[in-house]
Amino acid sequence: MKVEVELGGTYIYDYGGRLHSLDLPEGATVENALDALGIKERIYIVIIRNGKAAKPEDELHDGDRLVVFPPIGGG
Amino acid sequence: MLAERGAAVRPISGGTDVMVMIKDGVLKEKELLDLSRLEELRYIKEDGELIRIGARTTYREVERSPVINAYAPILVEASKTIGSVQIQNLGTIAGNLGNASPAADSVPSLYVLEARVKLASVNSEREVGIGEFFLGPRKTVRRPDELITEVSFRKMEPGSHFFFKKLGLRSANAISIVSAAGILKLSNGKIDWLRLALGAVAPTVIRSPTAEERARGAELNEDSIRAIAEGASTDARPITDIRGTAEYRKKAVFGLVYEALYEIMSGSGKRVVFGLEGRG
Amino acid sequence: MTQETYELYRYLNRSIPRLDSEQKVRGELKYLTDVYPEGMLHGYVLRSTVAHARILEISTEEAERAPGIRAVLTYKDIPGINGYGAIVPEIPVLAYERVRYYGEPLALIAADSMEQAKAAAEMIKVRLEPLPAVLDVDEAMAEKVKIHDKGNVARHTVVKRGDVSKAEAQAHLVLERTYRTPMQKHMFIEPEGGYAYVDGSGVVHVLAGGQSPYRDKLQISRVLGISPEMIRVKNYPTGGAFGGKDDATVQIHLALLAYRTRKPVRLAWTREESGIAGYHRTASKITIRTAVDREGRLLSNSAKIVLDSGAYQSFGPTILDVSIETINGPYRVPSYLIDAYLVYTNNGIASAFRGFGAPESNFAIESMMNELAAELGIDPVEIRLRNILRTGEEGPFGNVIRNSAGLEEALNRARSSGIWRRANGSGWIKEGVGVAVAIKGVGFGTLPDYPSAAVEVIPEGKVRVMFTNPDYGQGVITGIAQLAAERLQIPVSEIEVINADTMHSPDTGSSSASRTTLTAGSAVVQAIDEALSKLRVEAASSFGASSSEVQYSGGRFMYRDRSVTIYELARRLRQKGRSLRFEATFEVPRYPEPVEGTLEVPHMMYMYGVALVRAGVDALLGKVNVKEVEFYADIGNVINPSIASGQVEGGVVQGLGYATIEEYRYSDDGRPLNINFTTYVVPTARDSPEMYVEFVKSYDELGPYGAKGVGEIGIIPVGAALAEAVYRATGKRIRDLPITPWKLV
Ligand SMILES: Cc1cc2nc3c(=O)[nH]c(=O)nc-3n(C[C@H](O)[C@H](O)[C@H](O)COP(=O)(O)OP(=O)(O)OC[C@H]3O[C@@H](n4cnc5c(N)ncnc54)[C@H](O)[C@@H]3O)c2cc1C
Numbered sequence: 106m107k108v109e110v111e112l113g114g115t116y117i118y119d120y121g122g123r124l125h126s127l128d129l130p131e132g133a134t135v136e137n138a139l140d141a142l143g144i145k146e147r148i149y150i151v152i153i154r155n156g157k158a159a160k161p162e163d164e165l166h167d168g169d170r171l172v173v174f175p176p177i178g179g180g
Numbered sequence: 004m005l006a007e008r009g010a011a012v013r014p015i016s017g018g019t020d021v022m023v024m025i026k027d028g029v030l031k032e033k034e035l036l037d038l039s040r041l042e043e044l045r046y047i048k049e050d051g052e053l054i055r056i057g058a059r060t061t062y063r064e065v066e067r068s069p070v071i072n073a074y075a076p077i078l079v080e081a082s083k084t085i086g087s088v089q090i091q092n093l094g095t096i097a098g099n100l101g102n103a104s105p106a107a108d109s110v111p112s113l114y115v116l117e118a119r120v121k122l123a124s125v126n127s128e129r130e131v132g133i134g135e136f137f138l139g140p141r142k143t144v145r146r147p148d149e150l151i152t153e154v155s156f157r158k159m160e161p162g163s164h165f166f167f168k169k170l171g172l173r174s175a176n177a178i179s180i181v182s183a184a185g186i187l188k189l190s191n192g193k194i195d196w197l198r199l200a201l202g203a204v205a206p207t208v209i210r211s212p213t214a215e216e217r218a219r220g221a222e223l224n225e226d227s228i229r230a231i232a233e234g235a236s237t238d239a240r241p242i243t244d245i246r247g248t249a250e251y252r253k254k255a256v257f258g259l260v261y262e263a264l265y266e267i268m269s270g271s272g273k274r275v276v277f278g279l280e281g282r283g
Numbered sequence: 002m003t004q005e006t007y008e009l010y011r012y013l014n015r016s017i018p019r020l021d022s023e024q025k026v027r028g029e030l031k032y033l034t035d036v037y038p039e040g041m042l043h044g045y046v047l048r049s050t051v052a053h054a055r056i057l058e059i060s061t062e063e064a065e066r067a068p069g070i071r072a073v074l075t076y077k078d079i080p081g082i083n084g085y086g087a088i089v090p091e092i093p094v095l096a097y098e099r100v101r102y103y104g105e106p107l108a109l110i111a112a113d114s115m116e117q118a119k120a121a122a123e124m125i126k127v128r129l130e131p132l133p134a135v136l137d138v139d140e141a142m143a144e145k146v147k148i149h150d151k152g153n154v155a156r157h158t159v160v161k162r163g164d165v166s167k168a169e170a171q172a173h174l175v176l177e178r179t180y181r182t183p184m185q186k187h188m189f190i191e192p193e194g195g196y197a198y199v200d201g202s203g204v205v206h207v208l209a210g211g212q213s214p215y216r217d218k219l220q221i222s223r224v225l226g227i228s229p230e231m232i233r234v235k236n237y238p239t240g241g242a243f244g245g246k247d248d249a250t251v252q253i254h255l256a257l258l259a260y261r262t263r264k265p266v267r268l269a270w271t272r273e274e275s276g277i278a279g280y281h282r283t284a285s286k287i288t289i290r291t292a293v294d295r296e297g298r299l300l301s302n303s304a305k306i307v308l309d310s311g312a313y314q315s316f317g318p319t320i321l322d323v324s325i326e327t328i329n330g331p332y333r334v335p336s337y338l339i340d341a342y343l344v345y346t347n348n349g350i351a352s353a354f355r356g357f358g359a360p361e362s363n364f365a366i367e368s369m370m371n372e373l374a375a376e377l378g379i380d381p382v383e384i385r386l387r388n389i390l391r392t393g394e395e396g397p398f399g400n401v402i403r404n405s406a407g408l409e410e411a412l413n414r415a416r417s418s419g420i421w422r423r424a425n426g427s428g429w430i431k432e433g434v435g436v437a438v439a440i441k442g443v444g445f446g447t448l449p450d451y452p453s454a455a456v457e458v459i460p461e462g463k464v465r466v467m468f469t470n471p472d473y474g475q476g477v478i479t480g481i482a483q484l485a486a487e488r489l490q491i492p493v494s495e496i497e498v499i500n501a502d503t504m505h506s507p508d509t510g511s512s513s514a515s516r517t518t519l520t521a522g523s524a525v526v527q528a529i530d531e532a533l534s535k536l537r538v539e540a541a542s543s544f545g546a547s548s549s550e551v552q553y554s555g556g557r558f559m560y561r562d563r564s565v566t567i568y569e570l571a572r573r574l575r576q577k578g579r580s581l582r583f584e585a586t587f588e589v590p591r592y593p594e595p596v597e598g599t600l601e602v603p604h605m606m607y608m609y610g611v612a613l614v615r616a617g618v619d620a621l622l623g624k625v626n627v628k629e630v631e632f633y634a635d636i637g638n639v640i641n642p643s644i645a646s647g648q649v650e651g652g653v654v655q656g657l658g659y660a661t662i663e664e665y666r667y668s669d670d671g672r673p674l675n676i677n678f679t680t681y682v683v684p685t686a687r688d689s690p691e692m693y694v695e696f697v698k699s700y701d702e703l704g705p706y707g708a709k710g711v712g713e714i715g716i717i718p719v720g721a722a723l724a725e726a727v728y729r730a731t732g733k734r735i736r737d738l739p740i741t742p743w744k745l746v
C-alpha cells in the first residue's frame, strides 16, 4: 500500500527532505513507516494521520497521509 | 539586651532594610530587637528653635507633619522620594541613618539641616553631628549598646530656598545613582550662603566645600550656577557600580545641582515660608 | 463570515472581565507554588558556582546519609536520557562532565525539610577544574575556548535572494550600522516552581507553572524513560511566563524526585535562583547594510545576525529563524543576504521571550529605516508607506501577503496623530517623537501544527471547554470562552474552561508565538461544530425530522414549534451511555516548505503594529522620560478589547524597560550580577507613560472569527521608536539598548 509522509521541523533536514512516498506491506503500522524513514524517536515526536493524532502502533491503510515532526515549537 | 550582648543583636524598626538583609542572608546578628512598639520614640516636636524627630517616626508621618512642612520642608521633599508609599509607611529616618548607605535619601537633607543624632544606652546618652555619625558604607559611630533615639536640627530660615534632587533609574523604588540636597540663602540676588550635600558619590554622604565656597557672596546667575555645579562635581568621588559609572555620576552631580539652582534662579524653585511650604 | 458582520457578535468585541480576575484580585487564586501537599518532601537543586569547568568529581555518599534525606540524585541516577531542550535535547538535566554556566544543576535533593536539604547539599563533594568563561559572542566565534566539542556556533543559517552587490552598486545610498540588544529577564511574578507526586497507579503528576504541558510531558518522558501515558502535566494557573517557561524549568527535576521517592515533592525556585538559572532573552549583535534609491525605496538588505544562545540551545534555532524573518521588516526587499549565527557562550541559557527574536531584529531594521529617512530627508512614516508590502504582493520569503490593509491604515493613523505636535521640550529637557513598525508571525510558521481541543456538554447546564495553552495571565481562558460562547450562542457564564491539563484535554500545544487564539480558538470552534452536528442528529431524531430541517439558536435546536436544549440532549445521550465529549483537531494553515536552512520561515499570518513614542531627555542627566506612547495595531478581529489593549500596554512597558533600564549582566568570570528585583530593575506603574492603543479594523479569515493574535506585538517596535525619539530630541543615535543615562551625556 501507498502512504504519503510529510516531515516537519528538523526532520526535513535529518531525514532527507519534506515529502516521502512509502510503499508498505498490508498491515503495516505507523511504526513501520517511521522505521522506513530511519526515524528512531518514539517519544518526542508528533504523528498526525489524516489530520488526527496517531500512535506508532496504529495500523496504516492505503492512501493514508502522515505528518511527522518533533514537537519543537517556535515563535 | 543591647547592654548585655549588643554586638549580637540587630535593632529593627520599620524593617525595610533589615528584612531585605535577612532575605539576602547577609545579616550577621542572630537576634533582633524590635523597636516597633516604642511609641515614646514616635514624635515630631517643636522645641524653640529646634525640631526633634523621634527614632520611630516614619517618612509618612514626616510628610504629613505641619511642623516639618513649615520649618523643614526639605525633609518632606526627601521623604516623598523614598521607595514607594508602602516603604514610606514603614520606613524611618533613624533606620535610614542606621543602615548607613551612601545613597540614603533622607541623609543629604539632614546634612544641610546640620542635624544632630542622639544615641542612648542604658546608662548614657550622647549627641553627635550628622557629619561625624557616619564612618563609611554601613559603618557608624553607634556602639552596640546604643540606640538612635532622636534626630534634631534647627528650623530652616524663613525665605531660604531649598531642594532635594534624586536621580534613579525609575520613578519609584529606585536606589539613587546620585542625589543632592541644598539650602540657599539669597539676599538681593546674591547668595549669602549655600549648604550642599551629595549622596551616592562617596563612602558617606558628603558636603561639597568647593560648591559652598564658590557660592558665598556670588550673584545667582548662569555663570555662578555653572561654577557651583562644577565645584560639586569636583568634590564628588564616586565609584562605578551596576547603577552607573563613576564618570557618569560626576556629570550627573553637575546636572542635578545645575538644574536645582537654575530653578531657584528662575523662580520655580521651592522656598521656606513659615506656616506653609511655598513656591518662589 | 466577513468583516461586515462585525457588529452582530454577541460575545465578541466585548470587554468582559477576565474569568479569573475576581479570584486574583481577592488573592484567592493559588498558583501551583502556593500548594504545599500533605507529607511532601522539599526539593532542592545544588548548582554550579562557576561558569565553565570540567567536572572531576561529584560524590554524594555523605549527603545521602544525612538526616532527613530521601534522595540525592546526580546524572548517574537518570533512568532515561540526560538531556532536554525544546529543539535539541542537549541541555543536561544534571551536569555531566562539564559545567557550562553559573547555576547549572549538579545534583537534586529531596528532604523532609529545606534546612536538611541545604545541609546535605553542603556535604556533596564537588571538584571542578575551572575553564575560562566565554561571555562575548565575538570571543566565542574565535573558537579559542570551545564550550561544546562541536564548536561554539550552534547554528548558522544563510538565506538570500537576488544580487545584493548589484543592488548596492545602483543604489543612491547604502548605510551600514551595527545594533546591539541586551539579555532581558522575564521577571514574572511567580518564579519557576510547583509540585509532583506519583499516584496509586504509578502515574507521575507534575503540577508546575509552564507554557506547554504536552511538550513538558514528552520531555519528562524522555528523561524518566517511561511512557508519556504514565505522566500528567498541569500548568494552570501560572503566574506569568513571557516565554521563560516555554521550555522545561522545574518539571523534569520534580518528576525525577517524585519518581524516585514515591512521595509528593515541592520544588520552587527562589527569586534569586530564577535570576541565576532561569532563562533570558538572547542578546543580539546585528550588522545591517541597506541600500535605497533616491526616494527611499529599499533595493537590498544584508545582515549579519549574531544571537547569544548561552550555554545550550533551548529555542535558539527557531528564535534565530524569527530574527531572520524579521530583519526584512514588512517591506518589499528585492534582494537580501542574511547570514545568521546562534552562538554558544557561558551566559546562562537564552530561550523564548515575548517576541522571540523579533524585538532583536526589529531594533536593527527599524532603527535603520529611521536612519535612512533622516539621511534622505524623508518623513519616517512616509518612508515606511513607500516600502510596505501590499495585499497580493510576494513577501521576501516567497510568502504572498494576504492582508496588509491593516498596516497601511495603522501607518496612516500614525501619520495624522497629534503626538508629532506635542513634542515641546524646553531648557535642558529636549523632546522628540519616534516611530517604528512591527511585524510578527502568529503561530509556528512552516512548522506543522495540529492543535486539538475538546468540549463536553454537561446536562446540568454547562459546556466544558478543554485546551492546553496555559493561561499565565494573558486572559486566554476568557478569550476562548468568549469564542465558545459565540459559537454556541450561549452566555459566557455557561462556559467552563479546563486549562492546561494533559489529564483532561487533548494537545492544543503551547501558549507561545501569539498562537493561542488561532490554535485553541479554532480547535475549540471546530470541536463545538462537531458537538452541534452530533447533537443535531439526536435532536432531529427526537423531532422525527431530518437534521437539515432542524434549526439551532441560543443553545437550542428547533423544529416547527418544538425545541430542545443542548443540555436536555446531553442528558438523553448520557442515559444512552453515549459520550458527551467531542474533540477536534485543527490544521493550522501554513506554507508547506520552509525557506531553505530554516525551520519555520515564513509565516502565513502576521500581526502588525506601529508605535509612536514621545520622550523627553534631560540633556544634563541623560535621563529619558517617556511621556506618551501611541500604538496602532492590526491584530485581526478583536475578541476582548480590554484584554487585547492590556496585552499591548504590557508589551509596551516591557519594551520600554528593555529599551531604557533592563540589562541582565554577568561578571567577568560569568557570575550573574542582577538576579532579583533589587538589582534587576524593571519599570513600575509610575514609569508607565500615557498610552493610547487603537486596533485598526481587520479581519483575517484564517483565524477564528477573523482573529489573529496579540501577545507579542506590543514589545517589538518600542526600542527603535524610542531610540528615534531620543535622536530627534538630542541628535544622538543610540544603537545599543538599553538607552541608559550614561550613553547620553
Ligand atoms: C522597596 C524598597 C525601596 C527603598 N527605597 C529607598 C529609597 O528610595 N531611598 C532610601 O534612602 N532608602 C530606600 N529603601 C531603604 C529603607 O527603606 C530605608 O533605609 C529606611 O529608612 C529604613 O528604615 P527602617 O525603619 O525600615 O529601618 P530598619 O530596616 O528597621 O533598619 C535599618 C537599619 O537601621 C538600624 N536601626 C533602625 N532603627 C534603629 C535605631 N533606633 N537605633 C539603632 N539602629 C537602628 C537597624 O539595625 C538596621 O541596621 C528602600 C527599601 C525598600 C525595601
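Top to bottom, those sequences are chains A, B and C.
If you want the numbering used here, it's the 1-based position in the first sequence plus 105.
If you want the numbering used here, it's the 1-based position in the second sequence plus 3.
If you want the numbering used here, it's the 1-based position in the third sequence plus 1.
All residues carry an ideal CB built from backbone N, CA and C; glycine is no exception.
For Arg561(C) versus Ala455(C), is the C-beta distance shorter than 8 Å? no
For the region 439-464 of chain C, which residues have a beta carbon sitting closer than 8 Å to at least one beta carbon of chain A? Gly442, Phe445, Gly446, Thr447, Leu448, Pro449, Tyr451, Ser453
I'd like the list of long-range same chain contacts for Thr447(C), defined as Cβ closer than 6 Å, with 5 residues on each side in sequence excluded. Arg591, Tyr592, Pro595, Glu601
Between the C-alpha atoms of Ile148(A) and Pro161(A), what's the straight-line distance to the nearest angstrom? 10 Å
Within 10 angstroms of its Cβ, does Glu394(C) collect 16 or more other Cβ (buried), or is it exposed? exposed
Stretch pair the region 13-32 of chain B + the region 82-98 of chain B: three plus CB contacts closer than 8 Å: yes
Which residues count as close to ligand 1 when the rule is a CB under 5 Å from any of its heavy atoms, in chain order? Arg13(B), Pro14(B), Ile15(B), Ser16(B), Gly17(B), Gly18(B), Thr19(B), Asp20(B), Val21(B), Ala58(B), Ile85(B), Gly86(B), Ile90(B), Gly94(B), Thr95(B), Ala97(B), Gly98(B), Asn99(B), Gly101(B), Asn102(B), Ala107(B), Asp108(B), Leu150(B), Ile151(B), Asn176(B)
Rounded to whole angstroms, what's the CA-CA distance from Arg221(C) to Ala612(C)? Just pull it up for me. Arg is not the amino acid found at residue 221(C); the sequence shown has Ile there. Distance between the alpha carbons of Ile221(C) and Ala612(C) is about 41 Å.
Within a Cβ cutoff of 6 Å, which residues of the same chain sit near Gly652(C), ignoring the five residues on either side of it in sequence? Gly715, Ile716
Find the nearest neighbour of Val382(C) within the set Leu390(C), Thr392(C), Met370(C), judged by alpha-carbon distance. Met370(C)
Among Ala214(B), Glu149(B), Arg59(B), nearest to Arg45(B) - alpha-carbon criterion: Arg59(B)
Would you list the one or two residues that DSSP bridges to Pro93(C)? According to DSSP, Pro93(C) bridges with nothing at all.
Is it the case that the Cβ atoms of Arg173(B) and Pro684(C) are separated by a distance below 8 Å? yes
Starting from the beta carbon of Arg157(A), find every residue of chain C whose beta carbon is closer than 7 Å, and list them in chain order. With the sequence shown as reference, residue 157(A) is identified as Lys, and Arg is not the correct amino acid for it. Simply Thr586.
Terminal residues of the beta strand (DSSP E) in which Ile186(B) lies: 181-190
Local Cβ density within 10 Å of Phe445(C), reported as buried at 16 or more and exposed below that: buried
In whole angstroms, what is the alpha-carbon distance linking Val639(C) and Phe696(C)? 8 Å
Residue nearest to Leu74(C) in terms of C-alpha spacing, selected from Gly658(C), Lys744(C), Pro106(C): Pro106(C)
Strictly under 8 Å for the Cβ-Cβ distance: is Ala203(B) near chain C by that measure? no
CA-CA distance, Ile25(B) and Glu650(C)? 35 Å
Straight-line Cα distance separating Ser124(B) from Leu36(B): 14 Å
Candidates Glu372(C), Leu174(C), Ala312(C), Gly555(C), of which the one nearest Asp137(C) by Cα: Ala312(C)
On the CB-based measure, 16 or more other CB atoms within 10 Å of its CB, does Ala18(C) come out buried or exposed? Residue identity check: residue 18(C) is Pro in the sequence provided, not Ala. By the 10 Å Cβ count, Pro18(C) comes out exposed.
DSSP-derived helix/strand/coil call for Val154(C): strand
From the DSSP output, read off the bridge partner residues of Leu300(C). Leu300(C) pairs with nothing; no bridge assigned.
Apart from the five residues just before and just after Leu53(B), which ones in its own chain have a Cβ nearer than 8 Å to its Cβ? Ser155, Phe156, Arg157, Lys158
For Leu172(B), would you say it is in contact with chain C, using Cβ-to-Cβ distances shorter than 8 Å as the test? yes
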